[in-house]
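Accompanying notes for the structure given below.
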Amino acid sequence: MEIRPYGDSLNDSIVQISFTLPIKNDDKATAIATQYCKKMGISNPKIARQESLDPNFTFFVIYGSCKHKIEIDQIKIRAKEYKILSHEEMEKIVKNEIGRKINIVGAAIESDAHTIGLDAILSAKGFAGDHGLESYSFFNAINLGSQVPSEELLKKALSIKADVVGISQIITQKNIHIYNLSKLLELLEEEGIRDRIILICGGPRISNALAKELGYDTGFGPGTTPTMVASYIVNEFLNRKKKKRKFLSDL
Amino acid sequence: MAKLILDKDMVKKARDYANRIASKVQNFIDKNSTTTIERATIRLLGVDGVNKDNVPLPNIVVDSFRDELGSGILYPFVNAMCFYDVNDQKLSEMISQKEIDLKKVPKLEKEKVIPEINKLVKNACLVIKKRKNERYELIEKLGDPSKPWLYVIVATGNIYEDVVQANAAVREGADVIAVIRSTAQSLLDYVPYGITTTGYGGTYATQANFKVMREALDEVADEVGRYIRQVNYCSGLAMPEIAVMGAFERLDMMLNDSLYGIIFRGINTKRTFIDQYFSRMINAAAGVIINTGEDNYLTTADAYKAAHTVIVSQLINEQFAIFSGLKAEQIGLGHAFQINPHLEDSLIYEIAQAQLVRDLFLDYPIKYMPPTVYKTGDIFFSNLLDGMFNFTGILTNQEIQLLGMSTEAIHTPFLQDRFISIKNAKYIFKCAKNLGEQISFNKDSKIVKRANQVLENAVNLLEEINDIGLFKAIEKGIFADIKRDTNSGRGLEGVIKKKDDYFNPFFKELKNV
């Protein structure tokens, strides 16, 4: 079965786009914008608004019917890998099936000075009423803050025998986040401890897919709450324990 | 004119506590200098440039004399200038090339050196005064934009690209342009040099970059017929040096918060307090408006619950500003619109807070910062939220409005994002221009009650801080629940205890510019 955007009626395929062309506002700009939309598959674009941002830039708001359609059955998605648990469920699992506190260390590494996300997940205050991992009685969670060199994070992870290492990366200009995340991963591998750690990364442009591609166990993006991260950690720890995988404290 | 009926005793108590708290810290500040203050001192004379490894000459000079900085760098430096009969820049280059060791230069008679120092200090102050007067002349010629000033940010990493976007924003109606700095800059214990075209999360603050943007803004100001203000950030380990650069390049506004570096960047407490004093003296002399970063208290805390911490920080920042010689029209204390918008009456509480800040600081160019925490990828709702923020701003007579972006939660602003934002603000500031004057607040209203409650909470917190002192309060985590030990943090090694013969006439002369 096919699916198309729904504007006002089924299969009318209406989309709304806006963009800026680096050109002055005149008939030529209109023609260019129209042609550009046609190339995007919008056959009869209606330029609702065309306005100068400045003598050299023109802004467009456009509506039109887009010819593309998707075959619903051809889209496959992966089911969520873990179940979101309540605080009580997590506490029970850790108490009965894990038997000790889970050690967690998190940081915004290298040049990244932003800790909003990191603090939202780790600090006791958490975010919008969902308290951070530092407040969990069955976690030993440490927030190293911002601009932490990878070597320092490694040192701390070893010293507390971290089961979980969490990295926050906000800045992504010039793909600095890819570089930093890869650097840390290599460090862990060189140290020979990669397999003994649950390695997580997060940030506004991080996705699970990207994280996995980089070699991380999982990634968290916008909208992540402390409860989600905690659920993942407890689930993953339990899985590894069942598979008899070792952690740093087993060394 | 104050609109809210605030408890006058509470207001007085609040200021008294803040004054006592800050005075005790000022006593400590007066006994110390730092490496960056000494570097700023020779920058004031005119020293600039880097060696072949890109190490700034002020760093090389000051580092070469590190053990003896207790008496200040100025005297031995000028002594050497006199002895070798070279200017400040030439001397620095010779020190850098190891042709001269400041510690080994023979001492000339005081009567030869002191007048030379006084002359150089006066010249430096004249340069600053000249640039300050330039600003007044340009405002006279072009006209001052009406308030609230529309303040927007550019941050591409490439100063030339920043210029393109700044120009577009000004033509759309922006009055103030800030260039966000590269992420790592606050922790650099030096100031980068030269034009830069790459940077992460922003553009490096260098004197050359300042100059490029200044020229561009002056040119576009001429085109649009109003003076355009340029903003950058002193924050970090080089506050005084960046303040010098700002003074020399006629920047108009600079971020300069006495607490921010400590709480949010882990810079050593002592270092920050000492640095902010000298840097603010330079800002004062240059006619620069300082902005403070109280918005930071509301990004991780609940804005409704933490409202009083904003007031406390503002009052403390105010005292330090006054001590450094900043005039009322230069004290641009900050606050923000960050209450959960989905709470019933959240707008009422925002209005209460904004009016409270306005009334407490009647003569100051308050900087109002936009909602960010509750924005999502829903750019349409985000734009509306900015509308409510702008409405609150014009209603409560705010002066500097840092415009919100509909794409706040997604990326650093595109040209079109800034355009939409400016259009939003221009519409609201015009259609509601005199709304504030039409309205008075009922003394039994939620707004007046809320404002007084926040004020009372602030007084209680100030009392607590006054009891234990500001250093201990910071150690306890009173600000943003973040604990900072007085003797840890970056930059502690740069703190220098002043000896009895510490000599630096800038401490006095800057206040006379």
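Just so you know, the sequences run in chain order A and B.
Just so you know, the first sequence maps onto residues -16 to 234 in my numbering.
Just so you know, the second sequence maps onto residues 24 to 536 in my numbering.
Here a beta-carbon is modelled for each residue, glycine too, at the ideal position from N, C-alpha and C.
Values in this document were obtained by computation on a predicted structure and should not be read as measured data.
Alpha-carbon spacing of residue i relative to residue j, whole angstroms
| i | j | result |
| --- | --- | --- |
| residue 384 of chain B | residue 447 of chain B | 27 Å |
| residue 394 of chain B | residue 186 of chain B | 26 Å |
| residue 165 of chain B | residue 244 of chain B | 7 Å |
| residue 135 of chain A | residue 478 of chain B | 42 Å |
| residue 343 of chain B | residue 497 of chain B | 16 Å |
| residue 481 of chain B | residue 34 of chain A | 47 Å |
| residue 453 of chain B | residue 409 of chain B | 15 Å |
| residue 306 of chain B | residue 82 of chain A | 58 Å |
| residue 411 of chain B | residue 173 of chain B | 15 Å |
| residue 178 of chain B | residue 329 of chain B | 29 Å |
| residue 29 of chain B | residue 476 of chain B | 10 Å |
| residue 397 of chain B | residue 318 of chain B | 14 Å |
| residue -15 of chain A | residue 22 of chain A | 22 Å |
| residue 234 of chain A | residue 179 of chain A | 9 Å |
| residue 268 of chain B | residue 302 of chain B | 11 Å |
| residue 4 of chain A | residue -11 of chain A | 27 Å |
| residue 203 of chain B | residue 170 of chain B | 23 Å |
| residue 504 of chain B | residue 127 of chain A | 15 Å |
| residue 110 of chain A | residue 209 of chain A | 8 Å |
| residue 102 of chain B | residue 256 of chain B | 33 Å |
| residue 323 of chain B | residue 103 of chain A | 7 Å |
| residue 255 of chain A | residue 71 of chain A | The structure shown does not extend to residue 255 of chain A, since chain A is modelled only from -16 to 234, so the question has no answer here. |
| residue 136 of chain B | residue 240 of chain B | 41 Å |
| residue 414 of chain B | residue 222 of chain A | 53 Å |
| residue 534 of chain B | residue 52 of chain B | 16 Å |
Chain-ordered chain A contacts of residue i [CB-CB under 7 Å]
| i | result |
| --- | --- |
| residue 438 of chain B | 3, 36 and 40 |
| residue 405 of chain B | Going along chain A, no residue has its Cβ under 7 Å from residue 405 of chain B, so there is no contact; the nearest lies around 13 Å. |
| residue 223 of chain B | 94, 154, 156, 157 and 159 |
| residue 426 of chain B | Within 7 Å Cβ-Cβ: nothing; residue 426 of chain B doesn't reach chain A, min ~15 Å. |
| residue 442 of chain B | 36 and 42 |
Per-residue contacts from residue i into chain B (C-beta, under 8 Å)
| i | result |
| --- | --- |
| residue 128 of chain A | 289 |
| residue 205 of chain A | 399, 400 and 432 |
Under 9 Å by beta carbon: chain A residues contacting residue i
| i | result |
| --- | --- |
| residue 504 of chain B | 106, 107 and 108 |
Within chain A, partners of residue i - CB distance below 8 Å
| i | result |
| --- | --- |
| residue 324 of chain B | 108 |
| residue 209 of chain B | 96 |
Let me know the alpha helix (DSSP H) ranges lying completely inside the region 389 to 461 of chain B, each 4 residues or longer, listed in chain order.
Entirely contained in the region 389 to 461 of chain B, the alpha helix (DSSP H) runs reaching 4 residues are, in chain order, 402 to 418, 438 to 454 and 458 to 461.
3 or more residues per run - each beta strand (DSSP E) lying fully within the region 108 to 149 of chain A
Runs of the beta strand (DSSP E) inside the region 108 to 149 of chain A: 122 to 126.
Chain-ordered residues of the region -3 to 30 of chain A with a beta carbon less than 8 Å from chain B
Contact annotation: in the region -3 to 30 of chain A, residues whose CB is within less than 8 Å of a CB in chain B are 1, 2 and 3.
Complete alpha helix (DSSP H) runs within the region 472 to 506 of chain B (minimum length 4 residues, chain order)
Along the length of the region 472 to 506 of chain B, whole alpha helix (DSSP H) runs at least 4 residues long occupy 493 to 499, reported in chain order.
By the 7 Å beta-carbon criterion, what residues does the region 150 to 165 of chain A contribute toward chain B?
Taking 7 Å as the upper bound on Cβ-Cβ separation, chain B lies near residues 154, 156, 157 and 159 of the region 150 to 165 of chain A.
Can you give me, in chain order, the residues of the region 74 to 107 of chain A that have a beta carbon less than 9 Å from any beta carbon in chain B?
Hits within the stretch, in order: 93, 94, 95, 96, 97, 98, 99, 102, 103, 106 and 107.
Where the region 507 to 528 of chain B meets chain A: residues whose CB sits under 8 Å from a CB there
Going along the region 507 to 528 of chain B in chain order, one finds no residue with a Cβ nearer than 8 Å to chain A.
Closer than 9 Å, Cβ to Cβ, to anything on chain A: give me those residues from the region 180 to 207 of chain B, in chain order.
Answer in chain order: 180, 187, 190, 191, 192, 193, 194, 195, 205, 206 and 207.
Does the region 284 to 293 of chain B come close enough to the region 350 to 367 of chain B to have 3 or more Cβ pairs within less than 8 Å?
Too few Cβ pairs lie closer than 8 Å, so no.
Three or more C-beta pairs closer than 8 Å, one from the region 208 to 218 of chain A and one from the region 136 to 145 of chain A: is that the case here?
Short answer: they don't touch.
Kindly confirm or deny that the region 508 to 516 of chain B and the region 120 to 132 of chain B touch, where touching means at least three C-beta pairs closer than 8 Å.
No, the region 508 to 516 of chain B is not in contact with the region 120 to 132 of chain B.
Determine contact between the region 38 to 49 of chain A and the region 75 to 89 of chain A, defined as no fewer than three beta-carbon pairs at a distance below 8 Å.
These segments do not touch.
Whole runs of the alpha helix (DSSP H) within the region -1 to 84 of chain A, excluding any shorter than 4 residues
Fully enclosed alpha helix (DSSP H) runs of 4 or longer: 10 to 22 and 70 to 76.
Three-pair Cβ contact test at 8 Å for the region 58 to 70 of chain A versus the region 95 to 103 of chain A
No, the region 58 to 70 of chain A does not touch the region 95 to 103 of chain A.
Should the region 48 to 61 of chain A be called in touch with the region -8 to 3 of chain A, which here means at least 3 C-beta pairs below 8 Å?
Cβ pair count under 8 Å is three or more, so yes.
Using a Cβ cut-off of 8 Å, which residues of the region 138 to 152 of chain B contact any Cβ in chain A, in chain order?
From the region 138 to 152 of chain B, no residue has a Cβ closer than 8 Å to chain A.
Cβ contact (3+ pairs, closer than 8 Å) linking the region 42 to 53 of chain B and the region 296 to 304 of chain B:
For the pair of segments examined, the region 42 to 53 of chain B was found to touch the region 296 to 304 of chain B: the number of CB pairs separated by less than 8 Å reaches three.
Are the region 520 to 536 of chain B and the region 85 to 100 of chain B touching by the rule of at least three beta carbon pairs closer than 8 Å?
A contact exists between the region 520 to 536 of chain B and the region 85 to 100 of chain B.
Do the region 181 to 200 of chain B and the region 455 to 471 of chain B meet, that is, are 3 or more Cβ pairs less than 8 Å apart?
Under the 8 Å Cβ criterion, the region 181 to 200 of chain B does not count as touching the region 455 to 471 of chain B, having fewer than three qualifying pairs.
Contiguous beta strand (DSSP E) assignments of at least 3 residues, all confined to the region 128 to 187 of chain B
Counting only runs that start and end inside the region 128 to 187 of chain B, the beta strand (DSSP E) elements of at least 3 residues fall at 172 to 177.
Closer than 8 Å is the cut-off here; do at least three beta carbon pairs connect the region 189 to 200 of chain B with the region 138 to 149 of chain B?
They do not touch, by the three-pair rule.
So within the region 216 to 271 of chain B, which uninterrupted beta strand (DSSP E) runs reach at least 3 residues, ignoring any that extend past its ends?
If we require 3 residues or more, the beta strand (DSSP E) runs fully inside the region 216 to 271 of chain B come out as 252 to 256.
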